[in-house]
Amino acid sequence: MAVTLKNNTRRMQVINLDHSVVCSEDDCRCTRQRTGIQAHDPRTGEKTVRAFNRRLPGSITLTAKGSDGDTVAGLPDGVARLPTVQLLKGRGELAIELETEEVLAARKADAEEAKKRQADYAAAVKKSAEAAPKKTASAGTTTAPAGAAKE
């Protein structure tokens, strides 16, 4: 199941995600960062670097009500269990909607259609670029594309 969050206030809301609640074993949405700590041994004067990986949980930003970005859809259902989300929902500042399979299927179909339109547009741009007359750098004259009739 997926969740949709909608901001009901006229101010921006930022919700910090908790790794233990939102992420699952097979789907972790945290950013991984490699960090190092430099240690100094005062006796020998040797400096060593100890490196380790950290997980940095993400956040969700909802803009003010009535503007673009006041609704975020397609979030994992663990987001609805976050204490911050529950608190904002209790105050009436945030609306939570569980998305049904039909909504998810419609969103997937819209994404596929958008991808197809983007591919069609890229093909049309490429075709028009190939058909356009090309300028030569030295003479400043134009040449017709290969296969075009000469006058």
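Counting with our numbering, you get residues -3 to 147 for the letters of the sequence shown. Glycine included, each C-beta is placed from N, C-alpha and C at the ideal position.
Of the choices 90, 25 and 117, whose alpha-carbon is the least far from that of residue 55?
The shortest C-alpha separation from residue 55 is found at 25.
Kindly indicate which three-state DSSP category residue 52 falls into: helix, strand or coil?
The answer is strand: DSSP assigns residue 52 an E or B state.
Can you name, in chain order, every residue of its own chain whose Cβ lies under 8 Å from the Cβ of residue 31, other than the five neighbours on each side?
Hits under 8 Å: 47, 48, 49 and 50.
Which whole runs of the alpha helix (DSSP H) in the segment 15 to 91 are 4 residues long or more, in chain order?
Counting only runs of 4 or more, we get 15 to 18 and 79 to 87.
Name, in chain order, the residues that DSSP records as bridge partners for residue 10.
Paired residue(s): 57.
What residue from 14, 82, 45 and 119 has the CA that sits closest to residue 2's CA?
That would be 82, whose Cα lies nearest to the Cα of residue 2.
Are the segment 6 to 18 and the segment 68 to 86 touching by the rule of at least three beta carbon pairs closer than 8 Å?
Segments in contact, yes.
By the DSSP assignment, the beta strand (DSSP E) with residue 128 in it spans what residues?
That residue, residue 128, is in no beta strand (DSSP E); it is neither H nor E in DSSP.
What does the alpha-carbon distance come out to for the pair residue 121 and residue 105?
Residue 121 and residue 105: Cα-Cα distance of roughly 24 Å.
Might you give, ordered along the chain, the residues of its own chain that have their beta carbon closer than 8 Å to the beta carbon of residue 7, omitting 5 neighbours on each side?
The answer, listed in chain order, is 60.
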